[in-house]
Every structure is written in C-alpha cells, then in structure tokens.
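In my numbering, the protein residues as written are 1 to 454.
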C-alpha cells in the first residue's frame with residue numbers, strides 16, 4: 001500500500017526530484033514516523049541547526065493512509081526540533097495525508113531555504129514552487145482560504161501562521177483550514193518558517209491499490225461498527241469529554257502540576273461545551289468517530305469565535321494548567337493558537353509556568369508588559385497568547401519554550417520548569433499514567449502523546 005515514491009524538494013535551488021524507496025526499507029522502518037526518523041537520521045547530523053537550511057522537513061504517510069481503514073487518515077511531520085535539538089515528530093489527522101497519497105507520493109522531504117516566501121503546490125506528478133509574498137503575514141485560516149480560492153476547493157493545505165514566520169519555536173503546522181488539525185508538537189512550524197515555506201498544497205486522484213479489496217472492505221465494515229459502538233461517548237463530547245474522569249483519577253494537570261484536584265474542572269468539560277457552544281461535528285479522513293467540534297460563540301466578551309473547538313489537551317493546558325475556568329476564554333486561546341499556528345500544549349504550559357513564576361515573585365507586571373499573570377486570570381492568559389504569537393514583549397521569552405524561559409527568569413524557576421529535553425509536558429500527569437512516565441526517558445520526542453503514536 002505504498003507507492004514507494006518520495007518527492008525531494010530543495011528550496012535553496014528551487015529544484016526537486018523523485019526518489020524511489022525500496023520495499024526492504026519501508027518494511028524495516030514502519031509507518032510515516034519510522035521512515036521519517038530513518039530519513040532524518042541519515043540526512044542530518046548532530047551539528048545540523050534545526051532552524052538552518054540543512055535541516056529536513058519531512059511529511060510522511062503510512063501504509064494504511066488512503067485505504068479507508070478506520071482512523072488511518074493521518075500523517076507524520078518530522079524534523080530536527082528547535083525545542084529539543086533532537087528528532088521531533090508530530091502526528092496529525094485531517095484529510096491532507098490522504099490527499100498527499102493520492103498524488104502518487106508517499107512523502108515529501110524538504111531541504112534548503114528559499115530567498116523569498118514560497119509555497120509548494122503538488123498536483124499529481126506536477127510540482128510547482130510558487131511565490132507566497134501575498135500570503136506572508138496572514139494567519140492559517142486566511143492562508144488556507146486564499147489558496148483554495150486560487151487553486152480550487154478540492155486542494156488540501158498545510159501551512160504556518162505568523163508564529164512560524166517569526167521563528168516562535170512553539171509554532172505548529174496547521175491543516176484543514178478552520179477544522180484546524182495541527183502538527184503541533186516539537187516546534188515544526190518554526191522549521192517550516194525558517195525555510196521561507198508558507199504552505200504545502202496537495203491535490204491528486206490516484207487510487208490506492210490493495211492486494212484484496214473485497215476482503216479489506218469486509219474487515220473495514222466490521223471495524224467501523226465496533227468502533228462506533230465503543231467510541232460513542234467520544235463522538236458525542238469529543239476528547240474533552242474525558243476532563244472529569246481524568247480529574248478524578250489525578251491525571252489532569254492542575255496549577256502547573258502543583259495540585260491534585262480542582263473543583264472547577266466541570267466548567268470545562270466536553271458535556272458543558274456541547275450544551276453551550278456545539279454547532280456540529282467533523283471527522284478526520286476514514287474515521288467513524290467524529291470527535292472534532294464545530295463551535296460558535298455569539299455573545300459575551302469572546303463573541304465571534306467560529307470553527308474548531310478545543311481538544312482535551314488544549315482544554316487542560318489553557319484551563320486546569322492555568323486554573324482558568326472560563327470556557328469562552330479557553331476557546332479564544334485555542335482559536336488564537338490555531339490562527340497564529342502554535343502548539344496549544346506548549347503555549348498553555350508556558351503560560352502556566354509564567355503564572356507560577358509570577359506567584360513566587362520571580363517576575364512582575366513590569367516584566368509582563370503590564371499583565372497580571374495570576375492564576376485564573378483569563379484576560380491575561382489570552383493577551384499572553386497574542387504576545388507569544390506576535391513574538392512581542394514577554395511573549396518573546398515564553399515563545400522560546402519553558403527551558404529557555406526558565407534560564408532567562410533565573411535558577412529559582414528551574415524547580416517548576418516542567419519539560420522533557422526542552423519539550424513541554426502534555427496534559428497527562430506521568431505519575432498517574434505509566435505509559436507517559438515510561439516514555440519520558442526514552443530517545444523519542446517525549447512530550448508527544450504516545451498513545452496516538454502507536
């Protein structure tokens with residue numbers, strides 16, 4: 001279920017070529033992440049600058065992508081991480097990966113650096129590197145909308161926002177427009193921005209061949225029925241439907257992991273969001289669950305929010321992590337991150353870290369450009385998200401990640417600067433989730449939700 005064809009693009013020269021990958025290699029390095037790791041380790045070195053032209057930015061699909069197998073509509077993005085200095089990988093859903101597979105390529109390996117902003121358009125075997133000065137400075141929603149208007153509604157867009165352009169190392173690569181499917185972790189949006197690459201657009205209609213189509217379709221039918229039954233709660237309330245159970249088990253991160261229980265967690269639950277703001281659901285490619293939330297907030301301080309609602313990790317990072325129980329504010333922080341193109345986990349964790357530093361007197365309102373970063377201050381939280389996205393003020397400090405920020409604030413902050421090799425912790429207490437605890441010392445991009453990587 002591989003084409004065994006990979007597109008290599010050199011943005012420095014504006015050239016590209018197709019590389020054939022052997023059956024032996026794709027069997028040895030399983031899936032998009034495995035092949036991505038192999039390509040990165042053979043194509044870069046220890047001295048490779050994550051934000052330099054020699055770093056590789058790799059988009060890879062897996063063997064099941066495009067086959068219709070449930071939940072296979074995913075792809076991996078791999079590069080040397082500017083946060084950790086080692087292998088960085090982010091797994092993302094949506095429909096972009098399936099469309100890439102339909103172009104006839106299994107993956108894209110991008111090197112070099114363009115002298116001006118560009119985007120790549122892959123239409124089947126036709127590959128173009130186009131100028132993107134008219135897109136530079138635009139947020140991800142606007143960028144996706146403009147490219148669809150220029151190139152056709154069927155195209156799928158992976159792009160960065162202003163954060164990636166400005167070198168914010170918490171930047172993500174966003175897919176699917178307002179549905180906001182993110183390759184969020186490890187600062188890969190900053191890698192893309194360092195190359196002068198605004199977007200990668202794909203369009204194809206090549207069929208994905210399988211050995212026994214009839215047998216596969218029968219298995220898919222059986223799997224879909226079982227998954228729908230088992231995941232009905234997830235479909236109804238999304239991933240944030242797990243807030244209450246995780247709070248009860250002690251796994252929910254509360255007050256920068258300094259507290260074990262929080263009575264206001266219910267205000268951020270998926271059930272409450274469904275009741276107040278839910279307008280529809282959406283699913284990633286080949287997924288029968290439909291955990292994506294389409295929300296609309298039409299009144300109050302944060303009126304005007306339309307689009308993808310926060311997932312569990314986002315709800316926890318901007319909510320319980322920061323002791324913010326204002327659901328609308330969490331939705332606003334989520335929307336801002338999606339538009340700027342930033343990892344909601346790292347941004348929320350960085351703000352929670354700053355709130356603890358503020359509480360301990362290590363930073364002041366003067367340091368924070370007049371913001372009072374007290375626990376639960378949702379106005380200050382939302383404003384700080386903007387500062388990070390715009391790479392201004394104290395946002396410049398937090399936008400470099402917790403490890404860097406703690407060095408800037410001082411040694412007194414090191415004891416509560418929670419990261420693994422420079423990557424902020426996901427919203428699961430590792431003392432309560434053995435799989436996360438075991439992942440922390442492993443030589444992988446730890447901090448990535450490992451259950452989703454299996």
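Heads up, the beta-carbon is just placed ideally off N, CA and C, and yes, glycines get one too.
Exercise. Would you report the Cα separation of residue 296 and residue 185, rounded to the nearest angstrom?
Worked result: Spanning the two alpha carbons is a distance of roughly 26 Å.
For this session: With a 10 Å radius around its C-beta and 16 neighbouring C-beta atoms as the bar for buried, classify residue 9 as buried or exposed.
Result: It counts as buried.
Exercise. Going by DSSP, which residues form a beta bridge with residue 172?
Worked result: Checking the DSSP bridge columns, you'll see residue 172 has no partner listed.
Exercise. Looking only at its own chain, which residues have a Cβ that is under 6 Å from the Cβ of residue 254, when we skip the five neighbours before and after it?
Worked result: Within the same chain, residue 254 has close Cβ partners 262 and 320.
Exercise. So does the segment 192-208 actually touch the segment 47-64, counting three or more Cβ pairs closer than 8 Å?
Worked result: Segments in contact, yes.
For this session: Express the C-alpha separation of residue 256 and residue 427 in angstroms, rounding to a whole number.
Result: Inter-residue distance for residue 427 and residue 256 is about 10 Å (C-alpha atoms, whole angstroms).
For this session: Take residue 452 and list the residues in its own chain whose beta-carbon comes closer than 8 Å to its own, dropping the five residues that flank it on each side.
Result: Unreliable positioning characterises residue 452 in this predicted model, as indicated by a pLDDT of 34, which lies under 50. The coordinate reading is nonetheless provided below. Taking C-beta separations shorter than 8 Å and ignoring five residues to either side along the sequence, the partners of residue 452 in its chain run 91, following chain order.
Problem set entry | Within the segment 49-134, ranges of the alpha helix (DSSP H) (whole runs, at least 4 residues) | If only uninterrupted alpha helix (DSSP H) runs of at least 4 residues are considered, those enclosed by the segment 49-134 are 96-102.
Exercise. Secondary structure at residue 19, three-state DSSP: helix, strand or coil?
Worked result: Correct three-state label for residue 19: strand.
Exercise. CB-CB under 6 Å to residue 165, same chain, minus the five flanking residues each way: which ones, in chain order?
Worked result: Contacts found: 193.
Exercise. Since residue 369 is in the alpha helix (DSSP H), which residue starts that stretch and which ends it?
Worked result: First-last for residue 369: undefined, no H or E at that position.
For this session: Use the C-beta contact count for residue 301: other C-beta atoms within 10 angstroms, 16 or more gives buried, fewer gives exposed.
Result: Exposed: under 16 other Cβ atoms inside 10 Å.
Exercise. What does residue 458 pair with, by DSSP beta-bridge criteria?
Worked result: A question about residue 458 goes unanswered here, because the residues of the chain that appear run from 1 up to 454.
Problem set entry | Best match in 408, 344, 418 and 251 for proximity to residue 431 [C-alpha to C-alpha] | Closest in alpha carbon position to residue 431, among 408, 344, 418 and 251, is 251.
Exercise. So residue 306 is in the beta strand (DSSP E); what residue range does that whole segment cover?
Worked result: Counted as a single uninterrupted DSSP element, the beta strand (DSSP E) harbouring residue 306 occupies residues 305-308.
Exercise. Should residue 40 be listed as close to the ligand ATP, given that the test is whether its C-beta is under 7 Å from any heavy atom?
Worked result: The model on display carries no ligand, and the ligand ATP is accordingly not part of it.
Problem set entry | In DSSP terms, what residue 264 is bridged to | Answer by DSSP bridge pairing: none, since residue 264 is not bridged.
For this session: Would you mind reading off the limits of the beta strand (DSSP E) that contains residue 8?
Result: Taken as a continuous stretch (DSSP letters only), the beta strand (DSSP E) holding residue 8 covers 5-10.
Exercise. Which residue's Cα is closest to the Cα of residue 116: 413, 240 and 12?
Worked result: Among 413, 240 and 12, the Cα nearest to that of residue 116 belongs to 12.
Exercise. Where in the segment 297-351 do unbroken runs of the alpha helix (DSSP H), each at least 4 residues long, occur, reported from the N-terminal end onward?
Worked result: Runs of the alpha helix (DSSP H) inside the segment 297-351: 312-318 and 327-340.
For this session: Identify every run of the alpha helix (DSSP H) within the segment 177-232, keeping only runs that are complete inside it and at least 4 residues long; order them along the chain.
Result: Entirely contained in the segment 177-232, the alpha helix (DSSP H) runs reaching 4 residues are, in chain order, 188-194 and 213-230.
Problem set entry | Cβ-Cβ distance between residue 268 and residue 305 below 8 Å | No.
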